[in-house]
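One point on numbering: in numbering that gives the first Met the number 0, the residue at position 126 of the sequence shown is 125, and numbering is uninterrupted.
Quick reminder that beta carbons are idealized off the backbone N, C-alpha and C, glycines included.
The structure appears right after this line, and notes come after that.
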Amino acid sequence: MKNIWKNSILILVITLLFGCKGTQRLNEFDLAKNYQIKGFQHEIDASFHSINDSITELIVKINPEDLLFSKTKINNHIARYAIGYKVFEGYNNKLPLDTATIHYSLKQEKITSTKFHKIKLIAQKGKDYVVKVTLNDENRSLSSSKIYTLRKKYNSSRSYYEISAKDQQRVNFTPLQEDTFYINPLNGQQNVKVQIFSTNNTCAAKPYEVNYQYRFDGIPDTSWTTTLTTNTAFPPLKNQYYHFITDTILNDGFSVFPIPPTFPKIGSIYQANGVLGYLISKSEYSDVLSAKYPRKVFENKWLELSGNRQRARNIIKEFYSEASKANQLFTCNQPGWSTDRGMIYIIYGPPRIVYRYNDSEIWIYGEENNLFSEQFEFQRIHSNFSDNIYELKRNINYKVNYNRMINAWIDERGY
Numbered sequence: 000m001k002n003i004w005k006n007s008i009l010i011l012v013i014t015l016l017f018g019c020k021g022t023q024r025l026n027e028f029d030l031a032k033n034y035q036i037k038g039f040q041h042e043i044d045a046s047f048h049s050i051n052d053s054i055t056e057l058i059v060k061i062n063p064e065d066l067l068f069s070k071t072k073i074n075n076h077i078a079r080y081a082i083g084y085k086v087f088e089g090y091n092n093k094l095p096l097d098t099a100t101i102h103y104s105l106k107q108e109k110i111t112s113t114k115f116h117k118i119k120l121i122a123q124k125g126k127d128y129v130v131k132v133t134l135n136d137e138n139r140s141l142s143s144s145k146i147y148t149l150r151k152k153y154n155s156s157r158s159y160y161e162i163s164a165k166d167q168q169r170v171n172f173t174p175l176q177e178d179t180f181y182i183n184p185l186n187g188q189q190n191v192k193v194q195i196f197s198t199n200n201t202c203a204a205k206p207y208e209v210n211y212q213y214r215f216d217g218i219p220d221t222s223w224t225t226t227l228t229t230n231t232a233f234p235p236l237k238n239q240y241y242h243f244i245t246d247t248i249l250n251d252g253f254s255v256f257p258i259p260p261t262f263p264k265i266g267s268i269y270q271a272n273g274v275l276g277y278l279i280s281k282s283e284y285s286d287v288l289s290a291k292y293p294r295k296v297f298e299n300k301w302l303e304l305s306g307n308r309q310r311a312r313n314i315i316k317e318f319y320s321e322a323s324k325a326n327q328l329f330t331c332n333q334p335g336w337s338t339d340r341g342m343i344y345i346i347y348g349p350p351r352i353v354y355r356y357n358d359s360e361i362w363i364y365g366e367e368n369n370l371f372s373e374q375f376e377f378q379r380i381h382s383n384f385s386d387n388i389y390e391l392k393r394n395i396n397y398k399v400n401y402n403r404m405i406n407a408w409i410d411e412r413g414y
């Protein structure tokens, strides 16, 4: 163990713990807290930038408003927090390849802007890694964690590219739809194929629709080849996203999904009508999507479901709040609300127990190993578009309980 001292704001204490022994495999930890959107619980946000073939920079974005500032003896207000990481080869591993915990202190100011902390971790080129990042608010003894995929298998992998928009500190964080963003390849000038795809604004197939199978439409709206140099610019997109093929032989690449300024809220009437599909029949949904006046059909459908305007307003507020949380958690190559996990989250709420494996994720509602609990399994779709694409294993037996949950949304809420 060795200690490294650095200056940042007030005092930083870094403790590196290489080879620290774990007691459980990563896939044996219950990750349900990752899906609890309650203030501090999911405010952690991180990205990666590989500096060379052995060192990668972990960039963690902190919103000081999520921290507790405690009064000191000299009447300052100080937030004390720690950022930790563990690098694993996969979810089946017990021992991290590299781990560290970094302690920070921050003095409260009238305007405290977003903080970006850059931490160097060890990750050799040739593999993709699983990285668990933890944020601990030491003043309130509250922690939050999130698991990320670090892509570093090839020179063309995602972490070897810097992506930035207006704020140059926001390296490899998602740009806004209204912003031009810039790509800077670490390995110098490089030819890439650029593709543009439209985003999906329709709901996922229901859990009992067993004939449905995830099919990604790989035909882009447009494509071209360009040369990436230092800070190559790409213009804003609305309702579309970029995909970059960085190695045509390996079919390696990555996507950039610009988000609207209203994110994670549902920002358009078309998306609002899209989410409605979870509560209504297929034929009704088809009519909603094809309506000439989408706002009018939105209002009429909610009045029909709720019975009166006051209940409609109450249910709409609650329903679309859940859709916003799904956006925050599950957005990938499509809005989070339109994904399989987003659908289950909106209708059933946050899972009580979550286990994640290299190729799947298990959600449990109720007690583990209880016959009366509902369990959902999501298979990971391996893709260079996103590491966050999962498909639900559908089953006809879900129909009764799903319809019961829909009836609960319509009949029991909004009073």
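Here THR225 is bridged, per DSSP, to VAL191. Under DSSP, TRP362 takes part in a beta bridge, and its partners are VAL353, PHE375. ARG355 places its beta carbon less than 9 Å from that of LEU30. As the crow flies, the alpha-carbon of GLN378 is around 9 Å from that of ILE361. Distances from the CA of VAL59 to each of GLN107, SER143, ILE388 were compared; the closest alpha carbon is that of SER143. The beta carbons of LEU328 and TYR34 sit closer together than 9 Å. Residue pairing by DSSP places GLY83 opposite THR100, THR133 in a beta bridge. Between the stretch 382 to 399 and the stretch 317 to 333, the count of C-beta pairs closer than 8 Å reaches three or more; the two stretches touch. When DSSP reads this structure, ARG150 sits in a beta bridge with ASP127.
In the structure shown, ALA322 adopts helical secondary structure according to DSSP, grouped into three states. Assigned with DSSP and collapsed to three states, GLY252 falls in strand. Nearest to PHE68 by C-alpha distance, out of ILE244, TYR103, LEU227, is TYR103.
Counting C-beta pairs closer than 8 Å gives three or more between the stretch 188 to 203 and the stretch 335 to 346, which meets the contact rule. Only residues of its own chain outside the window of five on either side were considered, and among them VAL129, ASN357 have a CB closer than 7 Å to the CB of GLY89, listed in chain order.
Contact between the stretch 224 to 240 and the stretch 302 to 318 is absent: fewer than three C-beta pairs spanning the two stretches fall below 8 Å. Between THR98 and the set PRO174, TYR80, ILE118, SER112, the nearest pair of CA atoms involves ILE118. The alpha-carbon separation between ALA232 and GLU161 amounts to approximately 12 Å. Its chain contains LYS60 as the residues whose beta carbon lies nearer than 6 Å to that of ASP44, once the 5 sequence neighbours on both sides are disregarded; these appear in chain order.
Ranked by how close their Cα comes to the Cα of ARG24, the residues TYR284, ILE77, LEU94 have LEU94 in first place. In the structure shown, PRO63 adopts helical secondary structure according to DSSP, grouped into three states.
Contact annotation, LEU66 with ASP136: C-beta distance approximately 5 Å; criterion of less than 8 Å satisfied. The beta carbon of ASN26 sits closer than 7 Å to those of TYR90, ASN91, TYR354, ARG355, TYR356, all from its chain and outside the five residues before and after it, given in chain order.
Rounded to the nearest whole angstrom, the CA to CA distance from TYR397 to ASN368 is 17 Å. In the structure shown, GLU108 falls within a coil segment according to DSSP collapsed to helix, strand and coil. DSSP lists no bridge partner for SER385. Between LYS151 and SER254 a beta carbon distance of about 17 Å is seen, past the 8 Å cut, so the two are scored as non-contacting. Three or more beta-carbon pairs separated by less than 8 Å link the stretch 266 to 277 to the stretch 287 to 299, which places the two stretches in contact. In the DSSP assignment, SER46 falls within the beta strand (DSSP E) that extends over 44 to 49. Buried is the label assigned to TRP301, since at least 16 other Cβ atoms lie within 10 Å of its Cβ.
The continuous beta strand (DSSP E) containing TYR240 extends over residues 239 to 246.
HIS242 sits away from PRO263, with the two beta carbons spaced by 9 Å or more. Annotation for ASN299: the continuous alpha helix (DSSP H) segment containing it runs 293 to 305. The residue from SER323, TYR207, ILE82 with its alpha-carbon nearest to that of ARG403 is TYR207. LYS324 has its alpha-carbon roughly 28 Å from the corresponding atom of ASP127.
Approximately 5 Å separates the beta-carbon atoms of LEU227 and GLN189; this is inside 8 Å, confirming the contact. Rounded to the nearest whole angstrom, the C-alpha separation of ARG214 and ASN326 is 21 Å.
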